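As they're listed, the protein sequences go chains V and Z.
Throughout, the numbering used here is defined as the position within the first sequence, counted from one, plus 92.
Throughout, the numbering used here is defined as the position within the second sequence, counted from one, plus 92.
C-beta: ideal position from N, C-alpha, C; glycine also.
Computed from a predicted structure; not experimentally measured.
Working notes, structure below.
Protein chains: 2
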Amino acid sequence: MVESFVESWRQRFGENPSEDVNELAPLLRHRCVRSYSAKPVPEELVAAVIGAAQSAATSSNLQLWSVISVQDKARREEIAAVADDQYQIRNAPWFFAFVADHHRLLQAAASCGEKAEGLDYAEFFIMSVIDAALAAERFVCAAETLGLGICYIGAMRNDPSEIKRILDLPDHTFCCFGMCLGWPEEPIKEHIKPRLGQEAVWFRETYGLNIPIEEYDARMKAFYESEKMRGDVTWSMRSGRRVDNHHLTGREVLKPWLDSQGFNKR
Amino acid sequence: MVESFVESWRQRFGENPSEDVNELAPLLRHRCVRSYSAKPVPEELVAAVIGAAQSAATSSNLQLWSVISVQDKARREEIAAVADDQYQIRNAPWFFAFVADHHRLLQAAASCGEKAEGLDYAEFFIMSVIDAALAAERFVCAAETLGLGICYIGAMRNDPSEIKRILDLPDHTFCCFGMCLGWPEEPIKEHIKPRLGQEAVWFRETYGLNIPIEEYDARMKAFYESEKMRGDVTWSMRSGRRVDNHHLTGREVLKPWLDSQGFNKR
Numbered sequence: 093m094v095e096s097f098v099e100s101w102r103q104r105f106g107e108n109p110s111e112d113v114n115e116l117a118p119l120l121r122h123r124c125v126r127s128y129s130a131k132p133v134p135e136e137l138v139a140a141v142i143g144a145a146q147s148a149a150t151s152s153n154l155q156l157w158s159v160i161s162v163q164d165k166a167r168r169e170e171i172a173a174v175a176d177d178q179y180q181i182r183n184a185p186w187f188f189a190f191v192a193d194h195h196r197l198l199q200a201a202a203s204c205g206e207k208a209e210g211l212d213y214a215e216f217f218i219m220s221v222i223d224a225a226l227a228a229e230r231f232v233c234a235a236e237t238l239g240l241g242i243c244y245i246g247a248m249r250n251d252p253s254e255i256k257r258i259l260d261l262p263d264h265t266f267c268c269f270g271m272c273l274g275w276p277e278e279p280i281k282e283h284i285k286p287r288l289g290q291e292a293v294w295f296r297e298t299y300g301l302n303i304p305i306e307e308y309d310a311r312m313k314a315f316y317e318s319e320k321m322r323g324d325v326t327w328s329m330r331s332g333r334r335v336d337n338h339h340l341t342g343r344e345v346l347k348p349w350l351d352s353q354g355f356n357k358r
Numbered sequence: 093m094v095e096s097f098v099e100s101w102r103q104r105f106g107e108n109p110s111e112d113v114n115e116l117a118p119l120l121r122h123r124c125v126r127s128y129s130a131k132p133v134p135e136e137l138v139a140a141v142i143g144a145a146q147s148a149a150t151s152s153n154l155q156l157w158s159v160i161s162v163q164d165k166a167r168r169e170e171i172a173a174v175a176d177d178q179y180q181i182r183n184a185p186w187f188f189a190f191v192a193d194h195h196r197l198l199q200a201a202a203s204c205g206e207k208a209e210g211l212d213y214a215e216f217f218i219m220s221v222i223d224a225a226l227a228a229e230r231f232v233c234a235a236e237t238l239g240l241g242i243c244y245i246g247a248m249r250n251d252p253s254e255i256k257r258i259l260d261l262p263d264h265t266f267c268c269f270g271m272c273l274g275w276p277e278e279p280i281k282e283h284i285k286p287r288l289g290q291e292a293v294w295f296r297e298t299y300g301l302n303i304p305i306e307e308y309d310a311r312m313k314a315f316y317e318s319e320k321m322r323g324d325v326t327w328s329m330r331s332g333r334r335v336d337n338h339h340l341t342g343r344e345v346l347k348p349w350l351d352s353q354g355f356n357k358r
């Protein structure tokens, strides 16, 4: 169940790595874990994982993010209702909302008579989303180092106003995504998912033309079949349909909504 | 030089952790490393680190990011000229540009007759920035696991048109940030930077009112003094000034520029 670096690489890329770097095996075998054992995750461990998250890089040390842990059952139900009724939101031992946060800095700046008007710009919206994502992924790496499993919940963006109400978020905050955390139920059900070949993602010196996708389309078609997902499509077909304008699940409101909250205004 | 979990926690938060979780020490002691030893970083190791980056979560497996390694000296000079002349851009053994990338998916979708019109929405701009950031931070955790050091370069956003020219980026791509990579020069010069107390970042159930900042302002004032940075300001004052509208270093163009590239249009 615990795959080596070489085995993880094979599952990820369909070939052998050029070098065995087994120290990186835990970072290679990430998957989204949706089924958790009943074993509790002590609060002290969560504090350590959040301490790692806080240690992630943050532009100019502004720390433009926050995290909210949601353990109340009724509140979890409300969140699940927004987020496609994903069962792991109800069942995970811990649930977190990751927030791009200008509110705390506005409060701190106001205490010194500073107006912090730059926060109106797209630049700082991007910066706070990046801060939240860097912190979250270091959280994930820390959790996985300890043997915990996680699942990101992008569907928190399905209804930003409702999430704002549920979490009592002030203006100048935006919940980018949620995250479930717990010990994976054994045996782990979720497979390592194949990714694009490295030559389709890593370019040298300048952006590459003629990006090789066909090889990956074939690998993913086989993966969908093995997972009993629709096997008659390729990654290109599936992904192209995912980003047509009929599958926005409420998120088409994000641009005006962010503006109304003081983000991305100019 | 290699701090334990407990020592890292003390430097980060000015107090002892409630539990010693020494497995997480490498993730807690992140700092931005700007001075690298001459020891080369083999390409096979870089490939493994990028393999870890590719293993990060990505919404709906869309993989809306790319990375470009830049080793050419003249190209590094051009990048440094955009990015505040930061010397580590010239000197790092490896330099990478992390790119939010809709181009590859548009190409893949077009090959199946899909228009991928949803990519116009802010939702997918946010998603690709998050994808790039999650991949980058897993890259960083992998690099640091191996003893490598990194430095993010947010100043790539100072002049997006010029970076587009230097890296030959197509429309529907956006360089979110750069990254330097190498073995840290010993002894490591950069200190672990104190962060906000956990009670100012981690809220329970709902967003917290009365966020405690004063304790951190005092800790950071002492840190600035010890670092021979201006010691007469607090974190709140310094950060408030950082986000006024006079320090955008060219980034005030980002909103219209992103629109012109096909991002964040509606």
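Residues that residue 252 of chain Z contacts on chain V, provided the C-beta gap is smaller than 9 Å:
Locating residue 252 of chain Z in the second sequence gives position 160, counting from the first residue. Near residue 252 of chain Z there are no residues of chain V at all, since even the closest Cβ is about 10 Å away, more than 9 Å.
Which residues in chain Z sit within 9 Å of residue 187 of chain V, going by Cβ to Cβ distance?
Counting from 1 along the first sequence, the entry for residue 187 of chain V is found at position 95. The premise fails here: residue 187 of chain V is roughly 11 Å from chain Z at the closest Cβ pair, so nothing lies under 9 Å.
Rounded distance between the beta-carbons of residue 225 of chain V and residue 144 of chain Z, thought under 8 Å:
Here residue 144 of chain Z refers to the residue found at position 52 of the second sequence. Here residue 225 of chain V refers to the residue found at position 133 of the first sequence. That belief does not hold up - the Cβ atoms of residue 144 of chain Z and residue 225 of chain V are roughly 16 Å apart, past 8 Å.
Given residue 346 of chain Z, which residues of its chain have a CB within under 8 Å of its CB, disregarding the five upstream and five downstream residues?
Here residue 346 of chain Z corresponds to residue number 254 of the second sequence, with the count starting at 1. Closer than 8 Å at the Cβ level, and outside the excluded window around residue 346 of chain Z, lie 249, 252.
Could you name the residues of the same chain whose beta carbon sits closer than 7 Å to that of residue 287 of chain Z, not counting the 5 residues immediately before and after it, in chain order?
As a first step, residue 287 of chain Z is located in the second sequence; it is residue number 195 there, counting from the start. The answer, listed in chain order, is 104, 105.
Presumed contact (8 Å Cβ cut-off) between residue 242 of chain Z and residue 159 of chain Z, rounded CB distance:
For the purposes of this step, residue 242 of chain Z is taken as the residue at position 150 of the second sequence. For the purposes of this step, residue 159 of chain Z is taken as the residue at position 67 of the second sequence. Contact flag wrong, Cβ pair sits at about 13 Å.
Does the beta-carbon of residue 244 of chain V have 16 or more other beta-carbons within 10 angstroms, so that it is buried, or is it exposed?
Along the first sequence, read from residue 1 onward, the residue named residue 244 of chain V stands at position 152. The residue in question, residue 244 of chain V, is buried, as its Cβ has 16 or more Cβ neighbours within 10 Å.
Go ahead and pull the three-state DSSP assignment for residue 355 of chain V.
Here the question's residue 355 of chain V lines up with position 263 in the first sequence. Correct three-state label for residue 355 of chain V: coil.
Which residues, in chain order, does the stretch 199-212 of chain V contribute to contact with chain Z at a C-beta distance below 9 Å?
199, 200, 201, 202, 203, 204, 205, 206, 207, 208, 209, 210, 211, 212
Spell out whether any CB of chain V is found under 7 Å from the CB atom of residue 294 of chain Z.
Position 202 of the second sequence holds residue 294 of chain Z. Taking Cβ atoms only, chain V reaches closer than 7 Å to residue 294 of chain Z, which makes this a yes.
Name the chain Z residues whose beta carbon is nearer than 8 Å to that of residue 356 of chain V?
The residue you call residue 356 of chain V lines up with position 264 of the first sequence. By Cβ distance, chain Z contributes 214, 347, 356.
Taking the CB atoms as reference points, tell me whether residue 274 of chain Z and residue 134 of chain Z lie closer together than 7 Å.
For the purposes of this step, residue 274 of chain Z is identified with residue 182 of the second sequence, where counting begins at 1. For the purposes of this step, residue 134 of chain Z is identified with residue 42 of the second sequence, where counting begins at 1. It is not a contact, given that the beta carbons lie outside the stated cut-off.
Please state if the CB of residue 202 of chain V and the CB of residue 116 of chain Z are separated by a distance shorter than 7 Å.
Within the second sequence, residue 116 of chain Z is the residue found at index 24, counting from 1. Within the first sequence, residue 202 of chain V is the residue found at index 110, counting from 1. No, the pair does not count as a contact, with Cβ atoms beyond the cut-off.
Using the C-alpha atoms, what's the distance from residue 229 of chain V back to residue 120 of chain V?
Within the first sequence, the letter at position 28 stands for residue 120 of chain V. Within the first sequence, the letter at position 137 stands for residue 229 of chain V. Straight-line Cα distance between these residues: approximately 13 Å.
Mind checking which residues open and close the alpha helix (DSSP H) that includes residue 233 of chain V?
The count along the first sequence starts at 1 and reaches residue 233 of chain V at position 141. Taken as a continuous stretch (DSSP letters only), the alpha helix (DSSP H) holding residue 233 of chain V covers 214-237.
What do you reckon, are the CB atoms on residue 150 of chain V and residue 223 of chain V nearer than 7 Å?
Against the first sequence, residue 150 of chain V aligns to sequence position 58. Against the first sequence, residue 223 of chain V aligns to sequence position 131. Yes, the Cβ-Cβ distance between residue 150 of chain V and residue 223 of chain V is below 7 Å.
What residues of chain Z sit near residue 101 of chain V, judged by a beta carbon separation below 8 Å?
In the first sequence, counting from the first residue as 1, residue 101 of chain V sits at position 9. Going along chain Z in sequence order, the residues near residue 101 of chain V (Cβ under 8 Å) are 143.
At least 3 beta-carbon pairs within less than 8 Å: the stretch 315-330 of chain V vs the stretch 193-207 of chain Z
yes
Cross-chain neighbours of residue 339 of chain Z in chain V, by beta carbon under 8 Å:
In the second sequence, counting from the first residue as 1, residue 339 of chain Z sits at position 247. Those within 8 Å of residue 339 of chain Z in chain V are 210.
Within 10 angstroms of the Cβ of residue 172 of chain Z, are there 16 or more other Cβ atoms? Answer buried if so, exposed if not.
Along the second sequence, read from residue 1 onward, the residue named residue 172 of chain Z stands at position 80. Answer is buried; the Cβ neighbour count reaches 16.
Among all the DSSP beta bridges, which residues are the ones paired with residue 294 of chain Z?
Taking the first residue of the second sequence as 1, we reach residue 294 of chain Z at position 202. According to DSSP, residue 294 of chain Z bridges with V:159.
Residue 410 of chain Z, enclosing alpha helix (DSSP H) - first and last residue
There is no way to answer for residue 410 of chain Z, as the model of chain Z reaches only from 93 to 358.
Of the residues that make up the stretch 98-129 of chain Z, which ones have a beta carbon closer than 8 Å to any beta carbon in chain V?
100, 101, 104, 105, 109, 110, 111, 113, 115, 116, 119, 120, 121, 122, 124
Rounded to the nearest angstrom, what separates residue 169 of chain Z and residue 254 of chain V at their Cα positions?
The residue labelled residue 169 of chain Z in the question sits at position 77 within the second sequence. The residue labelled residue 254 of chain V in the question sits at position 162 within the first sequence. Computed Cα separation, rounded: 48 Å.
Provide the residue(s) that pair with residue 258 of chain Z in DSSP beta bridges, ordered along the chain.
The residue labelled residue 258 of chain Z in the question sits at position 166 within the second sequence. BP columns for residue 258 of chain Z are empty, so no partner.
Taking a cut of 8 Å between CB atoms, which residues from the stretch 322-336 of chain V lie near chain Z?
326, 327, 328, 329, 331, 332, 333, 334, 335, 336
Are the C-beta of residue 196 of chain V and some C-beta of chain C separated by less than 7 Å?
The chain inventory of the structure shown lacks chain C, comprising the protein chains V and Z.
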